[in-house]
Every structure is written in C-alpha cells, then in structure tokens.
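Engineer:
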Amino acid sequence: MFLQQLVNGISVGGIYALIASGYALIYSLLGFSNWAHGEVAMLGAYVALLFTASLQLPFIAAAIIGIGGAAIISFLNERLAYRRIRENKAPTMFLMIAAMGLSIVFQNGSMLLFGAKFQKFPPIMPVSSISIGSVHVGVLDLLTLAVAAVALIVLEIVITKTKFGLGIRAIASNTATAGLLGINTNKMFALVFAIAGALAGMAGVLLGLKYNVYPTMGNIGLKAFIASVFGGLGSVRGAIVGAIVIGVTEVMVSGYLSSGLRDLITFALLIIILLIKPSGLMGVSVEEKA
Amino acid sequence: MTPVLEIKNVTKNFGGVRAIDDFSVKIEPGKIHGLIGPNGAGKTTIFNNITGILTPCNGTIIFDEKEITGKKPHEIAQYGIGRTFQNIRLFSNLSVLQNVILACSMDAQYNLIDAFIRSPRYRRMEKQISEKAMSLLESVGLDGNCDEIASKLPYGHQRKLEIARAIALNPKLILLDEPAAGMNADESAELVGFILEIKERHEFTVLMIEHHMDVVTNLCDYVTVLNFGKTIASGTPAEVKKNEHVIEAYLGGAEGC
Numbered sequence: 003m004f005l006q007q008l009v010n011g012i013s014v015g016g017i018y019a020l021i022a023s024g025y026a027l028i029y030s031l032l033g034f035s036n037w038a039h040g041e042v043a044m045l046g047a048y049v050a051l052l053f054t055a056s057l058q059l060p061f062i063a064a065a066i067i068g069i070g071g072a073a074i075i076s077f078l079n080e081r082l083a084y085r086r087i088r089e090n091k092a093p094t095m096f097l098m099i100a101a102m103g104l105s106i107v108f109q110n111g112s113m114l115l116f117g118a119k120f121q122k123f124p125p126i127m128p129v130s131s132i133s134i135g136s137v138h139v140g141v142l143d144l145l146t147l148a149v150a151a152v153a154l155i156v157l158e159i160v161i162t163k164t165k166f167g168l169g170i171r172a173i174a175s176n177t178a179t180a181g182l183l184g185i186n187t188n189k190m191f192a193l194v195f196a197i198a199g200a201l202a203g204m205a206g207v208l209l210g211l212k213y214n215v216y217p218t219m220g221n222i223g224l225k226a227f228i229a230s231v232f233g234g235l236g237s238v239r240g241a242i243v244g245a246i247v248i249g250v251t252e253v254m255v256s257g258y259l260s261s262g263l264r265d266l267i268t269f270a271l272l273i274i275i276l277l278i279k280p281s282g283l284m285g286v287s288v289e290e291k292a
Numbered sequence: 653m654t655p656v657l658e659i660k661n662v663t664k665n666f667g668g669v670r671a672i673d674d675f676s677v678k679i680e681p682g683k684i685h686g687l688i689g690p691n692g693a694g695k696t697t698i699f700n701n702i703t704g705i706l707t708p709c710n711g712t713i714i715f716d717e718k719e720i721t722g723k724k725p726h727e728i729a730q731y732g733i734g735r736t737f738q739n740i741r742l743f744s745n746l747s748v749l750q751n752v753i754l755a756c757s758m759d760a761q762y763n764l765i766d767a768f769i770r771s772p773r774y775r776r777m778e779k780q781i782s783e784k785a786m787s788l789l790e791s792v793g794l795d796g797n798c799d800e801i802a803s804k805l806p807y808g809h810q811r812k813l814e815i816a817r818a819i820a821l822n823p824k825l826i827l828l829d830e831p832a833a834g835m836n837a838d839e840s841a842e843l844v845g846f847i848l849e850i851k852e853r854h855e856f857t858v859l860m861i862e863h864h865m866d867v868v869t870n871l872c873d874y875v876t877v878l879n880f881g882k883t884i885a886s887g888t889p890a891e892v893k894k895n896e897h898v899i900e901a902y903l904g905g906a907e908g909c
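If you read the sequences in order, they're chains A and B. Just add 2 to wherever you are in the first sequence, counting from 1, and you've got the working numbering. Just add 652 to wherever you are in the second sequence, counting from 1, and you've got the working numbering.
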C-alpha cells in the first residue's frame, strides 16, 4: 500500500515538476510568474485529445502534436504579449497581469470551443496496473514517471552542459550584460518559452490520461507554482524537488488522512518553508536579483 | 586614416532633459581615446548609445565603416565592440572561466544535437573555446582562479575579469567605463600598465571614461571633454588640462579672482 502510494505520489509530483520547471525557467529569466503556464498545459492536452479522438491518430502521434502545440502556444504568448511589454520597458508586474489575462482568455476560450464537460482519452494501455510481488502499481503512473524523468534529465543536461544553457544562466544573472556579450536575448527568450511550453504540454497530456481533460485543468498550475516557490523561485532543480515533495505529500495525505486535508497540508508546508527559509529550498537570496 | 568609430551629431533626450547634445567624435584605430567630464555630463549615456542599450534620438554612429545606429546590443557586440561597466557587472553566479567562455560562445559552431551526442565537432569546439578562455585568463593573470565563483574575486581581479570577458569577443574597439574607479594611486598605476600591455597584445582601440587624471594623462592619446552633453574641449591630455572651459567645468566659475 505504502509503496503504491509512493509511486503514485512521485508520478503526480513528476507532472507538477514538468510545469514547475517551466515556471522556474521563465521566472529566472524574466522575474515574473507566468500565470498562463497551467493553461498552456491544458491547451496541450486538448490539442492531443482533438487529434486522437476526432482524427483517430495513434496516441503517440497525437501526444507529440499536443506537446508541439503547447510549445507553439507558449512561444506565441511570449512573442505577441510579453515581448511587447518588455520592449516598452514596463514593470514586470505588467507581465504578470498580462499572464493572468491570457490565462482567463484561454480558460474561457476553451470552454466555448470544447465545452465545459470532462473528456477522456481513449484507453491506451491494455492493462491498468501490474503487480510486483504484492504491490500493485499503475502502468500509467510508471509511464508518467518515466516520461517526466527523461524530460527533466534532458532539461538539466541542456542547462548545465550546453552553451545554450550557459546563455540562459547568464541572462538570468544579467540580461543587459548578456546582450552586450553577443547573446541574442530575444531568441533565447523565445526558445525558453517554447521549451517550457513543451514540458507543460507533456504534463497536460499525462494529466489528461490520468484523470480527465477539462477547461479548468490548468489550475494545476497553482500547485506547480507552489512547488517552484517551495523549491526557490527561479531554481529549476528546486522546482523539481519541490514538485516531488508536494506530489508525495498530497497523495499520502489523501491516502492516509483525508483528501479534504490535502490542500490544507500543502499550503501549510509552503508557509513553514517560507518561514524557515524565505528564499525556498534552493533559491538564491532576493538581494542578488536586484 | 578611417576612424574605427565615428559618432555624428548624436542627440539623446530623456523626457525634457537633453543628456547628449549634438555630440560628434572620431576614434582613430589603435589609439586610446579618453572621455572625461563632470558627473552627469553624459559620458555613460554615450556608451549606452554606442552599444545599443539606448537608441539616439538624432544622429548616426558608424563603426568599422558600417552604420550601427539603432542596432540591437548583441548585434553590435558581434560587430566587434566590447565594454566594461563602471559598477562591475559580472555573471556573479558563474565561475571565472564560464564568464569568459560565455563571451567566446559566438565562436561555437555546434548545435544542440552535437552537444547531446558529444560529437567530435562539439568536443573540438569546446576544447578550442576553453583553451581560448584560459589563455585570455592567463594574459590577465587570473588563470589560477578559473574555477572560483566570479563574485568571490577581490575587486581588482573582478575588473580584470570584466576586461578579459570583453576581449573574448575579439573586439576592434573596447569601451572602458571608469576602469580605475575605486582604486588608489598604486592600483591605478598598475592598471595603466595592464591596459597598455593587453592593448598591445590583442590590438584593439580603446575609448575610456575616467576620472583619475593621472590615468588619463598616462594612457590617453586624445581626450574629449564633455559637460552637459556637449563637447567643451578636445585635444591631447596636456592641451585639455590647460583649457579654461575645462577648468571652469571642473572647478566652477573663476569670477572674482
């Protein structure tokens, strides 16, 4: 029972981590919380659903199209909305408000377009769980875990081992100086939004598989946001750790205590962390950002 | 000789304040050109216009026979203008070596796939870049500190690292914004020797803002004096020091004496 819950928790955490790492990346570059990020995940799920349910495409193909779609939507958010605000040298608060606006537009737009009802992916697995000894583990949970782990490891390699990643870290440290050293900052922002969008799309599809697809499923972005605050805003590794801690905590609380207490405990955990270490588990102190 | 950099009638307003007023200058190749003037004279604003952080309201900037007015900062960096800042701006979360490697990264001709499969091309490029970065650090005497976090270096070393990072762009022109800021007489004397030495070795032209007159006198071939965004004098350091407009700008009016 416990192991089963643990796998389930880590897999939920993996989904949070896919969204939270995008939050963290964008926050580290632009210093604002991209509230539309959860909706990007939701739209990715809808795109995949559209292709598999209506166009009868195999699930894998539809999932890839969904992930690509989310990447494009995220890129367009930056290209059409955020870039213009940045170039007007507006305060970052404006970016956050624009993101809230986008979030509302996406939620209500998809309600109009797809309807408010819950929709399901056609079943993709012949069996729903496998047994290892006396432990029953959901196949979907294992799949989620594997996909999230691979995606996040690739992300980590890109950030730490490539010149692109070095560029991201330089822009996070000082955008203007990075530009003066020949880094095309706008191109980097566009790429980062596309990558974050792809990860969110992945989370959306996995979430849709596990539960349902519906217009307000992007609210999961709030959990991912908590995870990234918990881990330290702007730190990708912190966001991943935070997401897994929150995923496991939630599943354990719902499993052993009561699902009604789930959010209460999550938020309490957040408050405790912020009281003990205000910059989050792995965050840099706020003064360094100034 | 064609100038490396030519600024023609550049004007920059901030709201109602005219920070630069019809400013023109020609920088000859291989020279060290000083830009001096009291605080608020518009010196750093000129640097910001050259490097594309700001766009002039009027006028043109020509670098290496190409017009660069209104280009993006990264494009101007790629044309070959490097710069340092009055308040040092290193990537404080990166190591000393990474700070320099980053500025070399334009030389890197590999893509993400190369990086993933660690292709021969990737390894060759990475090796080439880190060798270049190491030799630059060596030439500024920081090769022993390459793995330290940049912000942990002592102040004087941070200055040198910032200069090394600017050189990593292979610039034809380097803009130094108060390189001797916060240094005492001994340290600024050492800085003078250091700048002359690396300039010889890497063959670039320098445009520098400086307040320490001994540094200006010892380094600059030519000086332009700015006050309220206008050129009030120009010439060799010795000529400029005798100019009465300059004395007036720095020490206030001479009435009553």
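Note that beta-carbon positions come from the ideal geometry of N, C-alpha and C, so glycine has one too. Keep in mind the model is a prediction, meaning the values are calculated, not measured.
Is residue 714 of chain B helix, strand or coil by DSSP?
Structural biologist: Along the second sequence, read from residue 1 onward, the residue named residue 714 of chain B stands at position 62. Residue 714 of chain B: strand per DSSP, three-state reduction.
Engineer: Give, in chain order, every residue of the segment 237-249 of chain A whose Cβ lies closer than 7 Å to some Cβ of chain B.
Structural biologist: none
Engineer: Less than 7 Å separating the beta-carbons of residue 709 of chain B and residue 664 of chain B?
Structural biologist: Residue 709 of chain B sits at position 57 when you count from the first residue of the second sequence. Residue 664 of chain B sits at position 12 when you count from the first residue of the second sequence. Contact: yes.
Engineer: In its own chain, which residues sit with a C-beta less than 7 Å from the C-beta of residue 751 of chain B, not counting the 5 before and 5 after it?
Structural biologist: Within the second sequence, the letter at position 99 stands for residue 751 of chain B. Here the set comprises 742, 743, 802, 813 and 817.
Engineer: The alpha helix (DSSP H) that contains residue 66 of chain A, what's its start and end?
Structural biologist: On the first sequence, position 64 is the one that residue 66 of chain A refers to. Element bounds for residue 66 of chain A: 61-78.
Engineer: Let me know the secondary structure DSSP gives residue 4 of chain A once reduced to three states.
Structural biologist: Position 2 of the first sequence, counted from the first residue, corresponds to residue 4 of chain A. DSSP places residue 4 of chain A in the helix class (H, G or I) of the three-state scheme.
Engineer: Considering only their Cβ atoms, is the gap separating residue 34 of chain A from residue 94 of chain A smaller than 7 Å?
Structural biologist: Within the first sequence, residue 94 of chain A is the residue found at index 92, counting from 1. Within the first sequence, residue 34 of chain A is the residue found at index 32, counting from 1. Closer than 7 Å, so yes.
Engineer: Interface residues of chain B around residue 170 of chain A at Cβ under 7 Å?
Structural biologist: On the first sequence, residue 170 of chain A is found 168 positions in, with the first residue counted as 1. Those do not exist, as residue 170 of chain A stays about 11 Å from chain B at its closest Cβ, beyond 7 Å.
Engineer: Fully enclosed by the segment 166-244 of chain A, which alpha helix (DSSP H) runs are 4 residues long or longer?
Structural biologist: 177-182, 187-212 and 222-233
Engineer: Can you name, in chain order, every residue of its own chain whose Cβ lies under 6 Å from the Cβ of residue 222 of chain A, other than the five neighbours on each side?
Structural biologist: Translated into the one-based positions of the first sequence, residue 222 of chain A becomes position 220. Answer for residue 222 of chain A: 40, listed in chain order.
Engineer: Leaving out five residues before and five after residue 219 of chain A in sequence, what residues of the same chain have Cβ atoms less than 6 Å from its Cβ?
Structural biologist: For the purposes of this step, residue 219 of chain A is taken as residue 217 along the first sequence, with counting starting at 1. Answer for residue 219 of chain A: 44, listed in chain order.
Engineer: Under 9 Å between beta-carbons, which chain A residues line up against residue 729 of chain B? List them in chain order, please.
Structural biologist: As a working mapping, residue 729 of chain B is identified with position 77 in the second sequence. Per Cβ cutoff of 9 Å: 181, 182, 183, 184 and 185.
Engineer: Taking 7 Å as the limit between beta carbons, can you name the residues of its chain near residue 264 of chain A, skipping five residues before and five after?
Structural biologist: Position 262 of the first sequence, counted from the start, is the residue given in the question as residue 264 of chain A. Contacts found: 252, 255 and 256.
Engineer: From residue 662 of chain B to residue 186 of chain A, what distance separates their C-alpha atoms?
Structural biologist: Position 10 of the second sequence, counted from the start, is the residue given in the question as residue 662 of chain B. Position 184 of the first sequence, counted from the start, is the residue given in the question as residue 186 of chain A. Cα-Cα distance, rounded: 26 Å.
Engineer: Are there 16 or more other CB atoms within 10 angstroms of the CB of residue 4 of chain A, so buried, or fewer, so exposed?
Structural biologist: For this step, residue 4 of chain A is matched to residue 2 along the first sequence. Exposed.
Engineer: Under a CB-based cut-off of 7 Å, is residue 823 of chain B close to chain A?
Structural biologist: Locating residue 823 of chain B in the second sequence gives position 171, where the first residue counts as 1. It does not; no Cβ of chain A falls within 7 Å.
Engineer: Roughly how many angstroms lie between the CA atoms of residue 92 of chain A and residue 184 of chain A, to the nearest whole one?
Structural biologist: For this step, residue 92 of chain A is matched to residue 90 along the first sequence. For this step, residue 184 of chain A is matched to residue 182 along the first sequence. About 24 Å.
Engineer: For residue 809 of chain B, which of helix, strand or coil comes out of DSSP?
Structural biologist: What you label residue 809 of chain B is simply residue 157 of the second sequence in a count that begins at 1. Of the three classes helix, strand and coil, the one that applies to residue 809 of chain B here is helix, per DSSP.
Engineer: Could you pull out every unbroken alpha helix (DSSP H) segment of at least 4 residues lying fully inside the segment 778-862 of chain B, listed in chain order?
Structural biologist: 807-819 and 837-854
Engineer: Between residue 863 of chain B and the rest of its own chain, which residues show a CB-CB distance below 8 Å, the 5 nearest in sequence each way excluded?
Structural biologist: Walking along the second sequence from the start, residue 863 of chain B turns up at place 211. Cβ within range, chain order: 688, 830, 832 and 833.
Engineer: Pull up the CB-CB distance for residue 745 of chain B and residue 237 of chain A, whole angstroms please, since I reckon it's below 8 Å.
Structural biologist: Within the second sequence, residue 745 of chain B is the residue found at index 93, counting from 1. Within the first sequence, residue 237 of chain A is the residue found at index 235, counting from 1. 11 Å between Cβ atoms; not a contact.
Engineer: I want to verify the contact list: residues of chain A whose CB lies under 8 Å from the CB of residue 833 of chain B, in sequence order.
Structural biologist: By one-based count along the second sequence, residue 833 of chain B stands at place 181. Within 8 Å Cβ-Cβ: nothing; residue 833 of chain B doesn't reach chain A, min ~17 Å.
Engineer: Identify the continuous beta strand (DSSP E) that holds residue 54 of chain A and give its terminal residues.
Structural biologist: Here residue 54 of chain A corresponds to residue number 52 of the first sequence, with the count starting at 1. Element bounds for residue 54 of chain A: n/a, residue is neither H nor E.
Engineer: Using three-state DSSP, classify residue 671 of chain B as helix, strand or coil.
Structural biologist: For the purposes of this step, residue 671 of chain B is taken as the residue at position 19 of the second sequence. Three-state DSSP puts residue 671 of chain B in a strand.
Engineer: Here's the rule I'm using: 16 or more other beta-carbon atoms within 10 Å means buried, otherwise exposed. How should residue 839 of chain B be labelled?
Structural biologist: By 1-based counting over the second sequence, the position of residue 839 of chain B is 187. Classification for residue 839 of chain B: exposed.
Engineer: Of the choices B/701, B/683 and B/885, whose alpha-carbon is the least far from that of residue 870 of chain B?
Structural biologist: To locate residue 870 of chain B, count along the second sequence from 1; it is residue 218. Of the candidates B/701, B/683 and B/885, the one whose C-alpha sits nearest the C-alpha of residue 870 of chain B is B/683.
Engineer: Identify the residues that DSSP records as bridge partners of residue 887 of chain B: which are they?
Structural biologist: By one-based count along the second sequence, residue 887 of chain B stands at place 235. According to DSSP, residue 887 of chain B bridges with B/875.
Engineer: Express the C-alpha separation of residue 112 of chain A and residue 217 of chain A in angstroms, rounding to a whole number.
Structural biologist: The sequence position of residue 217 of chain A within the first sequence is 215, counting from 1. The sequence position of residue 112 of chain A within the first sequence is 110, counting from 1. Cα to Cα, the separation comes out at about 6 Å.
Engineer: Assign residue 129 of chain A to one of three DSSP states: helix, strand, or coil.
Structural biologist: If you number the first sequence from 1, residue 129 of chain A lands on position 127. In the three-state DSSP reduction, residue 129 of chain A falls in the coil class, being neither helix nor strand.
Engineer: For the alpha helix (DSSP H) containing residue 680 of chain B, name the first residue and the last one.
Structural biologist: For the purposes of this step, residue 680 of chain B is identified with residue 28 of the second sequence, where counting begins at 1. Unbroken run through residue 680 of chain B: none, as it is neither H nor E.
Engineer: If you draw a straight line from the alpha carbon of residue 36 of chain A to that of residue 203 of chain A, how long is it in whole angstroms?
Structural biologist: One-based indexing of the first sequence puts residue 36 of chain A at position 34. One-based indexing of the first sequence puts residue 203 of chain A at position 201. Cα to Cα, residue 36 of chain A sits roughly 15 Å from residue 203 of chain A.
Engineer: Determine the contact status of residue 699 of chain B and residue 827 of chain B, defining contact as a CB-CB distance below 7 Å.
Structural biologist: What you label residue 699 of chain B is simply residue 47 of the second sequence in a count that begins at 1. What you label residue 827 of chain B is simply residue 175 of the second sequence in a count that begins at 1. Contact: yes.
Engineer: Please list the terminal residues of the continuous alpha helix (DSSP H) segment that includes residue 654 of chain B.
Structural biologist: Here residue 654 of chain B refers to the residue found at position 2 when the second sequence is read from its first residue. Secondary structure note for residue 654 of chain B: it is in no alpha helix (DSSP H), with a DSSP letter that is neither H nor E.
Engineer: If you drop the 5 nearest sequence neighbours on each side, which residues of the same chain put their C-beta closer than 7 Å to that of residue 822 of chain B?
Structural biologist: Position 170 of the second sequence, counted from the first residue, corresponds to residue 822 of chain B. Taken in chain order, the residues that qualify are 732.
Engineer: Give me the Cα-Cα distance between residue 108 of chain A and residue 118 of chain A, rounded to the nearest whole angstrom.
Structural biologist: On the first sequence, position 106 is the one that residue 108 of chain A refers to. On the first sequence, position 116 is the one that residue 118 of chain A refers to. Those two C-alpha atoms are separated by around 13 Å.
Engineer: In terms of alpha-carbon separation, which member of A/248, A/50 and A/81 lies closest to residue 66 of chain A?
Structural biologist: Within the first sequence, residue 66 of chain A is the residue found at index 64, counting from 1. Residue 66 of chain A has its Cα closest to that of A/50, out of A/248, A/50 and A/81.
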